[in-house]
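S.K.: There's a structure below that I have some questions on.
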Amino acid sequence: MEKLARAHVLVCGGTGCSSSGSKIIIPALREKLQAKGMEDEVRVVETGCHGLCEMGPLVIVYPEGVFYVRVKPEDVDEIVETHLVKGRTITRLLYREATTLETVPGYDKIAFYKKQKRYALANCGHINPESLEEYIGADGYEGLAKALDMTPEAVIEEIKASGLRGRGGGGFPTGLKWQFTRAASGDKKYVICNADEGDPGAFMDRSVLEGDPHRIIEGMAVCGYAIGSDEGYIYCRAEYPLAIKRLRNAIAQAREAGLLGEGILSGKFNFDLHIKEGAGAFVCGEETALMASIEGRRGMPRPRPPFPANSGLWGKPTNINNVETFANVPSIMRDGAGYFASQGTETSKGTKVFALTGKINNTGLAEVPMGITMREIIYEIGGGISDGRNFKAVQIGGPSGGCLPESLLDLPIDYESLTRAGAMMGSGGLVVMDETTCMVDVARYFLNFTQDESCGKCTPCREGTKRMLEILNRICEGMGKEEDIPLLENLAKSIKGASLCALGQTAPNPVLSTLSFFRDEYEAHIREHRCPAGACAALIGYTITDKCRGCGLCKKACPAGAISGETKNVHVIDKKTCVRCGECQAKCPFNAIDKS
Amino acid sequence: MEKKFADRDLACLTQLDEFLTSLEGEKGALIPVLQKAQDLFGYLPMEVLVYISRKIGVPISRVYGVVTFYSQFHLVPRGRNVIRSCQGTACHVRGASAVMREVRKCLELEGGAATTDNLRFTLESVACIGCCGLAPVMTVNGDTYGRLVPEKVGDILEQYR
Numbered sequence: 291m292e293k294l295a296r297a298h299v300l301v302c303g304g305t306g307c308s309s310s311g312s313k314i315i316i317p318a319l320r321e322k323l324q325a326k327g328m329e330d331e332v333r334v335v336e337t338g339c340h341g342l343c344e345m346g347p348l349v350i351v352y353p354e355g356v357f358y359v360r361v362k363p364e365d366v367d368e369i370v371e372t373h374l375v376k377g378r379t380i381t382r383l384l385y386r387e388a389t390t391l392e393t394v395p396g397y398d399k400i401a402f403y404k405k406q407k408r409y410a411l412a413n414c415g416h417i418n419p420e421s422l423e424e425y426i427g428a429d430g431y432e433g434l435a436k437a438l439d440m441t442p443e444a445v446i447e448e449i450k451a452s453g454l455r456g457r458g459g460g461g462f463p464t465g466l467k468w469q470f471t472r473a474a475s476g477d478k479k480y481v482i483c484n485a486d487e488g489d490p491g492a493f494m495d496r497s498v499l500e501g502d503p504h505r506i507i508e509g510m511a512v513c514g515y516a517i518g519s520d521e522g523y524i525y526c527r528a529e530y531p532l533a534i535k536r537l538r539n540a541i542a543q544a545r546e547a548g549l550l551g552e553g554i555l556s557g558k559f560n561f562d563l564h565i566k567e568g569a570g571a572f573v574c575g576e577e578t579a580l581m582a583s584i585e586g587r588r589g590m591p592r593p594r595p596p597f598p599a600n601s602g603l604w605g606k607p608t609n610i611n612n613v614e615t616f617a618n619v620p621s622i623m624r625d626g627a628g629y630f631a632s633q634g635t636e637t638s639k640g641t642k643v644f645a646l647t648g649k650i651n652n653t654g655l656a657e658v659p660m661g662i663t664m665r666e667i668i669y670e671i672g673g674g675i676s677d678g679r680n681f682k683a684v685q686i687g688g689p690s691g692g693c694l695p696e697s698l699l700d701l702p703i704d705y706e707s708l709t710r711a712g713a714m715m716g717s718g719g720l721v722v723m724d725e726t727t728c729m730v731d732v733a734r735y736f737l738n739f740t741q742d743e744s745c746g747k748c749t750p751c752r753e754g755t756k757r758m759l760e761i762l763n764r765i766c767e768g769m770g771k772e773e774d775i776p777l778l779e780n781l782a783k784s785i786k787g788a789s790l791c792a793l794g795q796t797a798p799n800p801v802l803s804t805l806s807f808f809r810d811e812y813e814a815h816i817r818e819h820r821c822p823a824g825a826c827a828a829l830i831g832y833t834i835t836d837k838c839r840g841c842g843l844c845k846k847a848c849p850a851g852a853i854s855g856e857t858k859n860v861h862v863i864d865k866k867t868c869v870r871c872g873e874c875q876a877k878c879p880f881n882a883i884d885k886s
Numbered sequence: 078m079e080k081k082f083a084d085r086d087l088a089c090l091t092q093l094d095e096f097l098t099s100l101e102g103e104k105g106a107l108i109p110v111l112q113k114a115q116d117l118f119g120y121l122p123m124e125v126l127v128y129i130s131r132k133i134g135v136p137i138s139r140v141y142g143v144v145t146f147y148s149q150f151h152l153v154p155r156g157r158n159v160i161r162s163c164q165g166t167a168c169h170v171r172g173a174s175a176v177m178r179e180v181r182k183c184l185e186l187e188g189g190a191a192t193t194d195n196l197r198f199t200l201e202s203v204a205c206i207g208c209c210g211l212a213p214v215m216t217v218n219g220d221t222y223g224r225l226v227p228e229k230v231g232d233i234l235e236q237y238r
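These protein sequence lines map, in sequence, to chains R and C.
Under the numbering used here, the residue at position 390 of the first sequence is numbered 680, and the numbers go up by one with no gaps.
Under the numbering used here, the residue at position 48 of the second sequence is numbered 125, and the numbers go up by one with no gaps.
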C-alpha cells in the first residue's frame, strides 16, 4: 500500500509535451523532491495528454489544481521551493487567456476547458496511464462488469439506445454494426480496433491510447461479449511508439488481473487481445485494407459486400470500430445510455473529440457535444486566430473532408450538416487557416497526399488523383488554363463515383469544396497569374522599396545571389535569378522588402 | 544460400531465427517478421527477403510485393541518423516546406536523394506524427523538435554529425 501524499504533481507525458520537454522535467522534479526529503509527501505522476498541446509542457499541482504552462526544466526548483514548500502560486507560469491576456490559476476556469464535456477523454491527463489501479479508481472496468451481468442482446440494445455512431469517419451506428456481427453465422468471430489514425492533423486516438489505454481494452471486451467473440486485434500505426508501449503494458496488467484471458471476472467469458503494428500505409485505415494488412498481405481494399460483419478477418465475421468509438463504450455501459443520448443533436448523439490545429491560438484536443458551432470551437475554445490575423477557412475531416468558409462558421457540427456542406466529420481534425493560406495550394496539398497514398488497385483513384494533381500543380505555377476548372470538376465526379473505397471516393472533396467556396482564388491564379494569399512561390515576387538603407543583410542572405547594390544605397532584386525563398524579407531590419 | 552472408549478418540471422520460432503457428506473420528483420539489418537486403520467403513458405513475389507496398520498409541502406520531416496539414500551413528545404540545403541533398553520400543522414517525409501543437515538427532518431523555423535547423543537425 502506497502512503497518502499531501500533494500530487501531474506532468503531461503525451507526445506533444514530452517533445517540448516534460521528459526532462519529470526526473528533475523527482530528484529535487528527494533532495528536499519530500518524496513521500509529494507524488509526481506522469499522465496522458491534457489536450492543450500548444502550451506544453503542462504541470498541474493538486489539491489546488493550479495549472502551469510551458514549464521549462529551470522552473523545477521554483515549483518545489515556492509552490510545494511555501504554498505560493507562481504567477509567471500560469496560463494566460489568448483573448484577454489575464492569468488563470485553475484548470476548470480556463476557457479552453470550460466549454468542453470530456467523456471519452475523461481520464486523459488525470490518471497515470501505466497504472491499472488508477483506472479502476476512476470507475474503470465497471462497465465491463455490468455488461457481463446482462445478456449480449441487452448490451447491444444499450449501445443502440445511446445513439453512438462510428467516430472514425463513416458515422455508422455502432450498435447496429455489433448486431450484424452477432447475427452472422460462424463459431469464430473477431473484434478489431482501428488505431491506424492516418489523417494528417488528427491525434485524438493517439491521446486516448497513450493517456487511457485500459479504456480501449474495456470497450473491446464489452464488444467481444456482445458479438460473441473471444479474440481481438488492435491495429496501431507504427508512428505511435508510445501508444504501442502503453497498450502492451495495459494488456499485460489486464491479463494479470483476470480482466483479459480465460474466465474474465471469474465468469464464463473468454477474451484476449493482440497488437499489430502498421507498416506505413494510409489506406490501411480502410477496414478491408486493414484486415488484409493484419493477414500479412498488401493493404489493399476489396469491394464490399461482403461486409466484414459477415466475412472479415480470415473470412470470419468481424466487428471493426475505431479507437474513439471504443473509448465511449465503457462509460455508456457504466452510466447507462441515458447521459450519452442526452448530449448532441437528434441524429448525432454524444460528444466528439476535435483536434484543433493550424493558425489558431490554442492548439490541442477539445471534446464537445455534437451540434456545437464551428465558431464556438474556434473562437471560444481555440482562442481565435493566431498572430492577430483574419480567419479564412477551416478544413475538417482530413484528406476526405473539405474547407469551410467564414459564412458557414455558425453551422452546427454533426455528421449530416457537414456532409451537406461538402465536408465530412472524418476523424475530427480541424485545421484553421488564415489569410496567408492559399486555398489552391491547400487543395493541391491534399491531392498530393491522396495521390501518394492511393494503393493503385483501382484506376479512377490511381490515375484520376494523379491527373487532378497535375492540373493543380499547373495552376499553382501560374500556367493554368481557363478549361482547367471544368476539367477538375469533371474528373472529381468520375473519381467520386467510380473508386473502390472511401479513399478514392472522398479524395476530390478538398478540391470541390475549395472550388465552391473559394473559386475566385482559382480564377486569380489562372487569369491574372496572381496568388491572392501570397503563398504560391511561382506567382509572387519580391521588390525592395526606398525604405532600404543599404545595409547589405539581404544581399548576404540571398542564396541565389539575386540582390545587388552598393552599401548605403537602395538595393535591387533581379527577378530572373530570384528563387522567391523570402530569406531577404525575413532578414531585412527596415521592412523594406515587399512581397507581391 | 547461407554462403552469401557475412559474419555480422549471420549473428542477425540467428536472432531472426529465434524470432521466427517464437511466432510458430501464428497467422499473418509476414509483416512482423519483416519489421524484425529491418530492425536487425537496418534495411531489407534481397538475400534476407529470399531467406524469409523460404523460411516461412511465402513466395518471394509476395514478400517483395509487401515490402514495396508499405513505406516503412527499405530495400537500400539508410543513414545512421534518420530525419523525419512532418508534412502534415498543420505543419504544412505553418511552414513545413521551408524547413524541409533548409534540411536539404544543410545536408547538401541534391534532387530527390534521401540519403547523404557518407550514409550519415537519411531524410524522409512523414504524413503526420501527431504533434500538431508543435508544428512544424521534425524528428531525428525519435527525438522530436517542434516550432521549427529554418534558422534552427542547422544547429539541430549539427548535434548528430
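By construction, the Cβ of each residue, glycine as well, lies at the ideal position given by its N, Cα and C atoms.
Small disclaimer: the values here were computed from a predicted structure and weren't measured.
(1) At which residue ranges does the segment 718-773 of chain R contain complete beta strand (DSSP E) runs of 3 or more residues, listed in the order of the chain?
(2) Report back the beta-carbon spacing between D439/R and G688/R to the nearest angstrom; my notes put them in contact at under 8 angstroms.
(3) Who are F357/R's beta bridge partners in DSSP?
(4) Can you check whether the C-beta of L234/C is within less than 8 angstroms of a C-beta belonging to chain R?
(5) Got a sec: is the Cβ-Cβ distance from K229/C to anything in chain D below 8 angstroms?
(6) Would you mind giving the Cβ-Cβ distance between T641/R and P620/R, rounded to the nearest angstrom? I have them listed as a contact below 8 angstroms.
(7) Who are E657/R's beta bridge partners in DSSP?
(8) Give a yes or no on whether the C-beta atoms belonging to R505/R and V498/R are separated by under 8 angstroms.
(9) Which residue from G568/R, K885/R, N539/R puts its Cα closest to that of P822/R?
(10) Run through DSSP, which three-state label would L300/R get?
(11) Have a look at G355/R and A297/R and give me their C-alpha separation to the nearest angstrom.
(12) At a CB-CB cut-off below 7 angstroms, which residues of chain R make contact with F198/C?
(13) Could you check whether the segment 572-581 of chain R touches the segment 371-381 of chain R, counting it as contact only if at least three pairs of C-beta atoms, one from each stretch, sit closer than 8 angstroms?
(14) Could you tell me whether any Cβ in chain R is nearer than 8 angstroms to the Cβ of M78/C?
(15) Is T653/R close to chain C? Criterion is C-beta to C-beta, closer than 8 angstroms.
(16) Note down the Cα distance separating G459/R from S202/C, rounded to an integer number of angstroms.
(17) So does the segment 591-607 of chain R actually touch the segment 168-177 of chain C, counting three or more Cβ pairs closer than 8 angstroms?
(18) Which same chain residues end up closer than 6 angstroms to T740/R when comparing Cβ atoms and leaving out the 5 residues on each side of it in sequence?
(19) State whether the segment 632-651 of chain R contacts the segment 713-723 of chain R, with contact taken as three or more CB pairs (one from each stretch) at a distance under 8 angstroms.
(20) Apart from the five residues on each side of it in sequence, which residues of its chain come closer than 7 angstroms, Cβ to Cβ, to I507/R?
(21) Return yes when the Cβ of K877/R is within less than 8 angstroms of the Cβ of I847/R, no when it is not.
(22) Bridge partners for C414/R per DSSP, in chain order?
(23) Which two residues bound the contiguous beta strand (DSSP E) that contains R594/R?
(24) For M889/R, is the classification buried or exposed, using 16 other Cβ atoms within 10 angstroms of its Cβ as the cut-off for buried?
(25) Whole angstroms are fine: how far does the CA of I446/R sit from the CA of R236/C?
(26) Would you call G514/R buried or exposed, if buried means 16 or more other Cβ atoms sit within 10 Å of its Cβ?
(27) So with CB distances below 8 angstroms, who are the chain C contacts of F572/R?
(28) Can you name the residues that DSSP bridges to P463/R?
(29) When you compare each of M494/R, A401/R, H340/R, D774/R to N612/R by their alpha carbons, which one comes out closest?
(30) Rounded to a whole number of angstroms, what is the C-alpha to C-alpha distance between G476/R and S601/R?
(31) Could you tell me which of L694/R, F572/R, R820/R, G456/R sits nearest to C483/R, measuring between CA atoms?
(32) What are the boundary residues of the alpha helix (DSSP H) that E371/R is part of?
(33) Roughly how many whole angstroms lie between the Cα atoms of H861/R and G842/R?
(34) So for S202/C, helix, strand or coil by DSSP?
(35) Report the CB separation of V359/R from Y385/R in whole angstroms; it is logged as a contact under 8 angstroms.
(36) Taking all protein chains shown into account, decide if V573/R is buried (16 or more other Cβ within 10 angstroms of its Cβ) or exposed.
M.R.: Well, looking at it:
(1) As far as the segment 718-773 of chain R is concerned, its whole beta strand (DSSP E) runs of at least 3 residues are 719-724.
(2) Working through the first sequence from its first residue, we reach residue 439/R at position 149. Working through the first sequence from its first residue, we reach residue 688/R at position 398. Not quite, the Cβ-Cβ distance comes to about 39 angstroms (not below 8 angstroms), so this is no contact.
(3) Counting from 1 along the first sequence, the entry for residue 357/R is found at position 67. Per DSSP, I350/R.
(4) Locating residue 234/C in the second sequence gives position 157, counting from the first residue. Taking Cβ atoms only, chain R never reaches closer than 8 angstroms to L234/C, which makes this a no.
(5) In the displayed structure, chain D is absent; the protein chains listed are R and C.
(6) Taking the first sequence and counting its residues from 1, one reaches residue 641/R at position 351. Taking the first sequence and counting its residues from 1, one reaches residue 620/R at position 330. At roughly 14 angstroms, the Cβ-Cβ gap does not stay under 8 angstroms, so T641/R and P620/R are not in contact.
(7) Along the first sequence, read from residue 1 onward, the residue named residue 657/R stands at position 367. Its beta-bridge partners are V643/R.
(8) In the first sequence, counting from the first residue as 1, residue 505/R sits at position 215. In the first sequence, counting from the first residue as 1, residue 498/R sits at position 208. Cβ atoms of R505/R and V498/R: closer than 8 angstroms.
(9) On the first sequence, position 532 is the one that residue 822/R refers to. Per the C-alpha coordinates, the member of G568/R, K885/R, N539/R positioned closest to P822/R is K885/R.
(10) Locating residue 300/R in the first sequence gives position 10, where the first residue counts as 1. L300/R: strand per DSSP, three-state reduction.
(11) Taking the first sequence and counting its residues from 1, one reaches residue 355/R at position 65. Taking the first sequence and counting its residues from 1, one reaches residue 297/R at position 7. One alpha carbon belongs to G355/R, the other to A297/R, and they sit about 10 angstroms apart.
(12) In the second sequence, residue 198/C corresponds to position 121, counting from 1. Residues of chain R passing the Cβ test: none, with the nearest at roughly 20 angstroms.
(13) With fewer than three CB-CB distances shorter than 8 angstroms, the segment 572-581 of chain R does not count as touching the segment 371-381 of chain R.
(14) For the purposes of this step, residue 78/C is identified with residue 1 of the second sequence, where counting begins at 1. Model confidence at M78/C stands at a pLDDT of 46, short of 50, so the residue's coordinates are unreliable; what they give is reported in the following sentence. Against chain R, the CB of M78/C has no partner CB under 8 angstroms away; the residue lies outside that interface.
(15) Residue mapping note: residue 653/R aligns to position 363 of the first sequence, counting from 1. Taking Cβ atoms only, chain C reaches closer than 8 angstroms to T653/R, which makes this a yes.
(16) Residue mapping note: residue 459/R aligns to position 169 of the first sequence, counting from 1. Residue mapping note: residue 202/C aligns to position 125 of the second sequence, counting from 1. Distance between the alpha carbons of G459/R and S202/C: 25 angstroms.
(17) Contact between the segment 591-607 of chain R and the segment 168-177 of chain C is absent, because fewer than three Cβ pairs lie under 8 angstroms.
(18) In the first sequence, the residue the question calls residue 740/R occupies position 450. Result list for T740/R: P689, T755, A797, in chain order.
(19) Yes: the two stretches touch, three or more of their Cβ pairs being nearer than 8 angstroms.
(20) Locating residue 507/R in the first sequence gives position 217, where the first residue counts as 1. Excluding its 5 nearest sequence neighbours in each direction, I507/R has C-beta neighbours in its own chain below 7 angstroms: A540, I541, A544, L550, L563, listed in chain order.
(21) What you label residue 847/R is simply residue 557 of the first sequence in a count that begins at 1. What you label residue 877/R is simply residue 587 of the first sequence in a count that begins at 1. The question names Ile, but residue 847/R is Ala in the sequence shown. Yes, the Cβ-Cβ distance between A847/R and K877/R is below 8 angstroms.
(22) As a first step, residue 414/R is located in the first sequence; it is residue number 124 there, counting from the start. Its beta-bridge partners do not exist; DSSP assigns none.
(23) Against the first sequence, residue 594/R aligns to sequence position 304. Looking at the DSSP string, R594/R is not in any beta strand (DSSP E), and its letter there is neither H nor E.
(24) Any question about residue 889/R goes unanswered here, given that chain R covers just 291 to 886.
(25) Along the second sequence, one-based indexing puts residue 236/C at 159. Along the first sequence, one-based indexing puts residue 446/R at 156. The residue asked about is misnamed: residue 236/C is Gln in this sequence, not Arg. Spanning the two alpha carbons is a distance of roughly 55 angstroms.
(26) Walking along the first sequence from the start, residue 514/R turns up at place 224. The residue in question, G514/R, is buried, as its Cβ has 16 or more Cβ neighbours within 10 Å.
(27) Position 282 of the first sequence holds residue 572/R. For F572/R, the residues of chain C that pass the 8 angstroms Cβ criterion are A204, in the order they occur in the chain.
(28) As a first step, residue 463/R must be located in the first sequence, where it is residue number 173. P463/R is bridged to R455/R.
(29) Locating residue 612/R in the first sequence gives position 322, where the first residue counts as 1. Closest by C-alpha distance to N612/R, out of M494/R, A401/R, H340/R, D774/R, is M494/R.
(30) As a working mapping, residue 476/R is identified with position 186 in the first sequence. As a working mapping, residue 601/R is identified with position 311 in the first sequence. A straight line joining the alpha-carbon of G476/R with that of S601/R spans about 10 angstroms.
(31) Your numbering for residue 483/R matches position 193 in the first sequence. Comparing Cα positions, the closest option is G456/R.
(32) Stepping through the first sequence from its first residue, residue 371/R is reached at position 81. DSSP places E371/R in no alpha helix (DSSP H); its state is neither H nor E.
(33) Here residue 861/R refers to the residue found at position 571 of the first sequence. Here residue 842/R refers to the residue found at position 552 of the first sequence. Approximately 8 angstroms between the Cα atoms of the pair.
(34) In the second sequence, counting from the first residue as 1, residue 202/C sits at position 125. Strand, per DSSP.
(35) To locate residue 359/R, count along the first sequence from 1; it is residue 69. To locate residue 385/R, count along the first sequence from 1; it is residue 95. So it is a contact: roughly 5 angstroms between Cβ atoms.
(36) Residue 573/R sits at position 283 when you count from the first residue of the first sequence. By the neighbour-count rule (16 or more Cβ atoms within 10 Å), V573/R is buried.
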